[in-house]
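For the sequence shown, the residue numbers in full-length UniProt numbering are 1 to 163.
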Amino acid sequence: MKRHKILEKPFPIGASVMIKNVESKNSETDPKYEGIFLFTATLKMIKLIDESPDPIYEQDPTEIEYEVQAILNHRGKAPNYEYLVRWKGFDSSWDTWEVPANFDSKEPIKLYWSRLGAANADSNTKRKRAPKSVNKRKVATREERSSKRHARLIDTRRPTTTP
């Protein structure tokens, strides 16, 4: 049983290839393949020369800046809010949750809070509770319960007269 694939047709000259990373793969996060190599010539074995043109990414993707169209929603509690952001030029499938540190300007956040009618967007104050008198439920005393019970008993004992 063959365990290795033997290439019957060699790579065409000028083809871009990648080599499987077998020797230096120490963890799962290491890349499976190395570089993009340009196939230049065939000798007894395949010869690869690294003459790759410009790098794949001309600009680091983390350095690209996007413009905020609007902040749609927020989640979490102050000061750990996350904002649902709609990006300018993108549809709703590209909306993302972002923390305030990811914004270059705090203007979209202030505009969002002003739209919601919040007085102070940067305040870290907690919601004010209603006074205890509002939150307490009135519990009837023993006398009140017995007088209500007594009144019900009297009503049930009275004969009803039909005119």
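Glycine included, C-beta positions come from ideal geometry on N, C-alpha and C.
(message) Cutting at 7 Å between CB atoms, please list the residues of its own chain near Trp94, excluding the five before and the five after it.
(response) Trp87
(request) Kindly give me the distance between the Cβ atoms of Pro100 and Ile71, rounded to whole angstroms, as I take these residues to be in contact under 8 Å. (result) Rounded, the Cβ-Cβ distance is 10 Å, inconsistent with contact.
(request) Give me the Cβ distance between Val85 and Glu98, rounded to the nearest whole Å; I'm assuming they're in contact under 8 Å. (result) 5 Å
(message) Considering just the uninterrupted stretch of the alpha helix (DSSP H) at Trp113, what are its terminal residues?
(response) Glu107 to Leu116
(request) Would you mind giving the Cβ-Cβ distance between Ile13 and Phe39, rounded to the nearest angstrom? I have them listed as a contact below 8 Å. (result) 6 Å
(message) I need the straight-line Cα distance from Leu116 to Thr29, nearest angstrom please.
(response) 44 Å
(request) Apply the 10 Å Cβ neighbour rule to Ala119 and answer buried if 16 or more other Cβ atoms are within range, or exposed otherwise. (result) Residue confidence for Ala119 is low, a pLDDT of 45 falling below 50, so the modelled location carries little weight; the figure read from the coordinates is stated next. Exposed is the call here.
(message) Suppose you measure from the CA of Arg145 to the CA of Ile154; what does that come to, to the nearest Å?
(response) 14 Å
(message) Quick check on the DSSP output: what are the complete beta strand (DSSP E) runs of length 3 or more inside the region 63-102, in order along the chain?
(response) 68-75, 82-87 and 96-98
(message) For Val17 and Phe90, what's the separation of their Cα atoms in angstroms?
(response) 34 Å
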